[in-house]
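Chains as they are written, first to last, in the numbering used here: chain D, 1 to 488; chain G, 1001 to 1488.
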């Protein structure tokens, strides 16, 4: 293994170089708004590190490095929601883990600490909408947290400091540049995006009432899964997806996470659609709903989106749903398999099957009632400009592949009959799901974990369930890990 | 630096895993043709290494590991042309270099030696169409070489062995599976593609007359450079590209490689076009030539191709041409700049400017007269299926970016005004090319290298030029490095 790694170092260096280019580009971008030519908040601690993908000020200075420790008790706090977009491909998932530093949350807290917006995670009143798996991206991950504020007058979510300075800004406070005109808030987006890696952007923020929780006040979550048509019957998949809608027991369409106290598998799906990414790319350009002309063949290179909206999701639920749809699209299973697996009476145990790959999945939206989002402007432009450069490289590479494929077609190559998102030769001697060996039943799993002390039997808060997380549970201290709202 | 590398190891491991999946997929693919269930030629040496991206037989065995040394003198040789496609993004270029092992040519010779198709590079009568730079890909790189053959009867390019075995196949020869029916040739494509990395494929082969050279018998070379429209005026670029057509002195539109004996900068461009990748994507779907409707705005996310065909190209020539076109497309230079730079009388020295990035460039075609290409069939299908999987991942990632960009547009983000292929803020205080400092003149460079002994003055083969490569030239022993046909 280490042998390959060494061989790839050169390639890595190019990656680093590319990120540094985007960095320079971002600096250029910053110069376009005059406000921030001077020292930026993240340099309060005088650090001059410059890791790739971390936006640093080109005007760094050590002039603050000898300052007194930052005294948060002089500063107002504000309860806010932050809307975060990230590309999950190079991360081990959203939530912090013991075994790796490469998580989105780890980067996020580095930025929050570096900008002195929080003192530490424990006292920050932090909640997240949900976790996303290794390799999964998000356009709208939402967190709620208490941040340092510049408001000394009452405002939504504002808590005034214990030690109020006599009218003026505290000596040890942030430099004047950070305090916007009286009555206006710190520029949270600019402060954070400066120090976050390019592939993590804070897109928006909103003041929130005390007690408002990104975790519990989320009304619905929307995921998107991108895939190419290839040989798939997407019309059949679209029809089949409808079968997920409603309230069902999804224990056969998720990874049962009993060890972490997930004991209830009923979830409500509000909508499930499959549609082309370019709405009018397939069918009639004038009318996307128009029936497809049978004489002109479908384009196997067209990209589709499986979009699913629900109140909350189970661990790996969306990727298991997608795995079933891909089997149906390949005509390896009939759409009826969905109803059969949702009928836990007839099928109490999950047949063994592997979920769909991670990289096409995006947590696209989270709905919250009554939040007044404040973002936009220069930060959106910079995020968009950086993303356009990343898109450009990816799009060019995609078309280089496509150009070669066209060349091969011209030489007489036929296109692959198996799903393009999974390894080939899947179709050879396919074993139907209901004929496969099954996983352990829920009851067996509960017994297993009770014996090992990761679950305890008593009057838990889970209503009917007299079982709850035990002291030896992996996530025992993980407050942001609700037993019944664990997400993909 | 090493710090970032460590941080990225996890990401690397995923890359490796992805390659291994494609590997498995390829094996699956192979099983679809019955011919090769047994030991494959590359296992003659009994090796069982399995680096990622190297196609190995799933049926490996050590049974040959104790055999006698392979005696090439028993085998016929055949002079052939091989047509090779590769993705150059993870390589340091096509041609072997002293300072790195990560070249396409290095992988190619590993495969040729492992399959016992050649004894060594020196005796293989090897010639290549041309080099490609670090990061540059090819759909049609062509080489000519003498390979081990299974033909013991006369045939085009065939040289019978010194020691002819008495009718039967030599004891130390390749196993029976490799000898196709009498009179038919070894399956060069299958043998080589088994042991080549996934991102290098041999697409085709042709028998060639003795003395036929991939380097000297190439009639024309065609390059493609892929780019997104973004804010560019592609119509203006298309018009400007025409100005390259014809025979001109391109010393101001290349990297002068005087140190390697490149002293003559006249090149002939046969065609230069810019067109959308999807021919009927822009303008009227029915008629690609129809004028664009001014009311419906251009799609900045549309991909275009700069395609250039010439007899031969100078070092970095295409990327310098593209750099000029990108400046013109951004309205930073007028199309006239091309004529001005080609007029070496008025502009004898090249103004300093950086060439376009490497990854969008592809050596797309090379024309040879009278070669009868033999490839196709199962190998094309496998190459295509593997490429479709790589395309699928790339296309999905591209659409994840695009989906986020649409989300940002919906939030009010405007798209970047600078070229999406280069770092932003280029446009700010742009310095016109003709006002920039210039590079050394050709004459100054020649003097410089003559002084250092890398060039020598005498009657060289370069006709009028009385200067040729000196003993201390970097590429002194590089036979495939013609002074006047060095390519991008």
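All C-beta atoms in this analysis are idealised placements derived from N, C-alpha and C, irrespective of residue type, glycine included. Since the structure is predicted, the reported quantities are computational estimates derived from the model, not experimental observations.
Rounded to whole angstroms, what's the CA-CA distance from residue i to residue j? Just pull it up for me.
| i | j | result |
| --- | --- | --- |
| residue 1416 of chain G | residue 78 of chain D | 33 Å |
| residue 80 of chain D | residue 87 of chain D | 23 Å |
| residue 1374 of chain G | residue 1456 of chain G | 44 Å |
| residue 109 of chain D | residue 101 of chain D | 12 Å |
| residue 214 of chain D | residue 1318 of chain G | 52 Å |
| residue 245 of chain D | residue 268 of chain D | 7 Å |
| residue 1207 of chain G | residue 1370 of chain G | 10 Å |
| residue 128 of chain D | residue 216 of chain D | 9 Å |
| residue 229 of chain D | residue 1143 of chain G | 36 Å |
| residue 1151 of chain G | residue 400 of chain D | 38 Å |
| residue 1305 of chain G | residue 249 of chain D | 51 Å |
| residue 1316 of chain G | residue 1083 of chain G | 23 Å |
| residue 1439 of chain G | residue 1355 of chain G | 14 Å |
| residue 107 of chain D | residue 93 of chain D | 11 Å |
| residue 1325 of chain G | residue 1333 of chain G | 9 Å |
| residue 445 of chain D | residue 351 of chain D | 15 Å |
| residue 275 of chain D | residue 1139 of chain G | 33 Å |
Buried or exposed: where does residue i fall if 16 or more other Cβ atoms within 10 Å of its Cβ makes it buried?
| i | result |
| --- | --- |
| residue 1434 of chain G | exposed |
| residue 1149 of chain G | buried |
| residue 1103 of chain G | buried |
| residue 153 of chain D | exposed |
| residue 212 of chain D | buried |
| residue 1099 of chain G | exposed |
| residue 1235 of chain G | exposed |
| residue 336 of chain D | exposed |
| residue 1188 of chain G | buried |
| residue 1123 of chain G | exposed |
| residue 1219 of chain G | exposed |
Any beta carbon of chain D sitting closer than 7 Å to that of residue i?
| i | result |
| --- | --- |
| residue 1303 of chain G | yes |
| residue 1207 of chain G | no |
| residue 1197 of chain G | no |
| residue 1399 of chain G | yes |
| residue 1137 of chain G | yes |
| residue 1082 of chain G | no |
| residue 1384 of chain G | yes |
| residue 1228 of chain G | yes |
| residue 1219 of chain G | no |
| residue 1263 of chain G | no |
With 7 Å as the threshold, decide whether the Cβ of residue i is near any Cβ in chain G.
| i | result |
| --- | --- |
| residue 405 of chain D | yes |
| residue 372 of chain D | no |
| residue 271 of chain D | no |
| residue 492 of chain D | Since the first residue of chain D shown is 1 and the last is 488, residue 492 of chain D is not available in this structure. |
| residue 489 of chain D | No answer is possible for residue 489 of chain D: the residues shown for chain D start at 1 and end at 488. |
| residue 335 of chain D | no |
| residue 277 of chain D | yes |
| residue 329 of chain D | no |
| residue 467 of chain D | no |
| residue 421 of chain D | yes |
| residue 378 of chain D | no |
| residue 104 of chain D | no |
| residue 95 of chain D | no |
Could you please give me the residues that DSSP links to residue i through a beta bridge?
| i | result |
| --- | --- |
| residue 79 of chain D | D/146 |
| residue 438 of chain D | D/351 |
| residue 207 of chain D | D/80 |
| residue 220 of chain D | D/367 |
| residue 138 of chain D | D/86 and D/363 |
| residue 1228 of chain G | G/1303 |
| residue 1238 of chain G | The partner list for residue 1238 of chain G (beta bridge, DSSP) is empty, contrary to what the question assumes. |
| residue 1400 of chain G | Paired residue(s): none; residue 1400 of chain G is not in a bridge. |
Within the present structure, is the beta-carbon of residue i separated from the nearest heavy atom of the ligand ZN by less than 6 Å?
| i | result |
| --- | --- |
| residue 1259 of chain G | Within the structure as shown, the ligand ZN is missing, as the structure has no ligands at all. |
Whole runs of the alpha helix (DSSP H) within the segment 89-116 of chain D, excluding any shorter than 4 residues: Uninterrupted alpha helix (DSSP H) stretches at least 4 residues long and entirely within the segment 89-116 of chain D occur at 104-114, given in chain order.
Alpha helix (DSSP H) runs wholly inside the segment 345-390 of chain D, at least 4 long, in chain order: Listed in chain order, nothing qualifies, since the segment 345-390 of chain D has no complete alpha helix (DSSP H) run of 4 or more residues.
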